[in-house]
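Please read the structure below before turning to the comments.
Protein chains in written order, with my numbering: chain Y, 934 to 1145; chain V, 171 to 602.
Here is the structure:
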């Protein structure tokens, strides 16, 4: 029992760390120079972690939640990049996505009980729309998620609504319907654990997952 | 008066993968002032150490856990009779016991035991129950719950539900390596069995009315599908894997249909009824809002469900034959969802939002629709009635961890099932 408690406290500390790091990264969103240095840092961390495998081509769904170099990413054999700092995925084969550009941002966050895409994510949607229209062979899966509050099945509906909001926005930019699919995990696949607003804000999201 | 009951057939014959799992313990968090005092005297047991199962202890904890009984502590028992003839009623009355249970466990062959018990009214000295039945050793636990059921029913006039089972989801591990398990256990959390295990989410277990099968949602292909699984054989069938949402299965009272939630291509969730034999679908709702969480009415002719067609989620009822407009049932508050009806359909339990918290509420379906908020937590969701309607099990939070909790249907008794590991979610109480 004690061991379990201790473990969860450690976990929480990690989440707080990830949250802070994320906010930090967000703040300097467009600062390309520093982005590059973070990318290098992350790649370096992955190397230090002894990660032998080639970096993932298909991004895992929880990208943006994992501290690179942690024990988990070692086990995983892949580096999971923080949002906006996905430089570690250099040379992404999915449509030749520019690793250091807006395309590397593959998570769109939402306000509580909302499915409107906030202005700060417009450029993310536009970048992926351009990528998809420019590469008609690409397919994108939109994974809708909610925070833990509310009933589980109703949250599946809210997650689907968010995924559909992104789908519609992409289609308005000319993306073919056949390139897009949606899935809702509701509250079942949180990006981070914790029952406070900091955790919830990171869980209310749509993840953009390029599929073969 | 003695009645032979064989428990051989009742002994858990669930064949799914047996896995060691931390068992649940029970804490009564809010009791009832007018609990009935009863003494469950330790049963005489054969010397064979193999039979050292404490039947009386389990009967006693079942009854105490219901919140309706106050059981006498063993150290306060001045004598420990095993038959009615040995009871000194005056002494037990002085100890303020209204009722007393005495009994014996006797060997009756290899791995065979006869359990005899009697229930007496201490004041009138009247014998209210006297039963004998036989069991093998693993069956003693079920047999003990059966004794508690009989005592509970005799005294309160309500069928006991101690010998029933629950299904729930346990989530173990931490991000990003989560381990989702669908578990079936005894109603007290003991004897857990893993029915299904996955590293993608499992959701929404729903019992078949015969208690033989579970329907549930699995994301095992990173897409949701509805499965039906027979517990005894483990045989498993994917019954719904349409594009988009496949969610919230609910078994019809006749066992032939599933109500479930599907989505159109543009993501509109509506409720459908599937004929399990043919998988033919009938669309029940057609509204641009989210319609989900269906639950069958007792007559099998209509469904309760959640819809946000009027803004926030509220509970509605609609006939499955078509033609009628869904009728809205909840009006208090901005969030009322996931309806579950009591076995006699006199009450509706659901999740309501109150002061920013999610709590279990119930609505009187026979009177004027009075609503009572039953719980006090912040994340109380997924209510499910015991088959006797006396108790609701639900998912709650305790110090940041997902736990299962129970509240009596009148809100007066509360308790918590505490597991030593994992997040517990979505309990579903099996039928009798």
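Glycine is no exception: its CB is placed at the ideal position from the N, C-alpha and C atoms.
Computed from a predicted model, the values in this text were never measured in an experiment.
Handout entry: Short CB-CB distance (under 7 angstroms) between residue 594 of chain V and chain Y
Key = no
Problem - Sub-7 angstroms separation of residue 415 of chain V and residue 439 of chain V beta-carbons - result: yes
Handout entry: Beta carbon proximity, residue 463 of chain V to chain Y, threshold 7 angstroms
Key = yes
Handout entry: Through-space distance from residue 517 of chain V to residue 1097 of chain Y, alpha-carbon basis
Key = 36 angstroms
Practice task
Indicate whether residue 328 of chain V and residue 556 of chain V have their beta-carbon atoms separated by less than 7 angstroms.
Solution key: no
Practice task
Name the two residues that bound the continuous alpha helix (DSSP H) containing residue 1066 of chain Y.
Solution key: 1055-1067
Practice task
Determine, using beta-carbon pairs with one atom in the segment 315-334 of chain V and one in the segment 541-548 of chain V, whether at least three such pairs fall under 8 angstroms.
Solution key: no
Practice task
Can you give me the start and stop residues for the beta strand (DSSP E) that residue 266 of chain V sits inside?
Solution key: First-last for residue 266 of chain V: undefined, no H or E at that position.
Handout entry: residue 1051 of chain Y - DSSP class collapsed to helix/strand/coil
Key = coil
Exercise for the section: Name, please, each residue of chain V whose Cβ falls closer than 9 angstroms to the Cβ of residue 1116 of chain Y. Expected result: 389, 392, 393, 394, 414, 415
Problem - Interface residues of chain Y facing residue 437 of chain V [CB-CB closer than 8 angstroms] - result: 1093, 1094, 1096, 1097, 1100, 1115
Practice task
Within 10 angstroms of the Cβ of residue 252 of chain V, are there 16 or more other Cβ atoms? Answer buried if so, exposed if not.
Solution key: buried
Problem - Cβ pair residue 287 of chain V, residue 312 of chain V closer than 7 angstroms - result: no
Exercise for the section: Tell me whether residue 1045 of chain Y is buried or exposed, calling it buried when 16 or more other Cβ atoms sit within 10 Å of its Cβ. Expected result: exposed
Exercise for the section: Determine whether the Cβ of residue 529 of chain V lies closer than 7 angstroms to any Cβ atom of chain Y. Expected result: no
Practice task
Throw me the rounded Cβ distance for the residue 430 of chain V and residue 449 of chain V pair, which I believe falls under 8 angstroms.
Solution key: 11 angstroms between Cβ atoms; not a contact.
Problem - Residue from V:475, V:437, V:423 whose Cα sits closest to the Cα of residue 446 of chain V - result: V:423
Practice task
Closer than 8 angstroms, Cβ to Cβ, to anything on chain Y: give me those residues from the segment 507-518 of chain V, in chain order.
Solution key: 507, 508
Exercise for the section: Write down every uninterrupted run of the alpha helix (DSSP H) in the segment 304-366 of chain V whose length is 4 residues or greater and which is fully enclosed by it, in chain order. Expected result: 310-326
Handout entry: For residue 207 of chain V and residue 601 of chain V, the rounded distance between their alpha carbons
Key = 29 angstroms
Exercise for the section: Pull up the DSSP beta-bridge partners for residue 468 of chain V, would you. Expected result: Per DSSP, none; premise fails for residue 468 of chain V.
Problem - Sequence-distant residues of the same chain with beta carbon closer than 8 angstroms to residue 211 of chain V, five excluded per side - result: 226, 247, 250, 251, 252, 270, 271, 272, 273
Exercise for the section: Verify whether the separation of the beta carbon atoms of residue 513 of chain V and residue 485 of chain V is less than 7 angstroms. Expected result: no
Handout entry: Identity of the residue in V:232, V:282, V:355, V:367 nearest residue 319 of chain V by Cα
Key = V:232
Problem - Nearest neighbour of residue 1034 of chain Y, chosen from Y:1061, Y:1049, Y:1052 [CA to CA] - result: Y:1061
Problem - Same chain, Cβ closer than 7 angstroms to residue 381 of chain V, neighbours up to 5 away in sequence not counted - result: 600, 601
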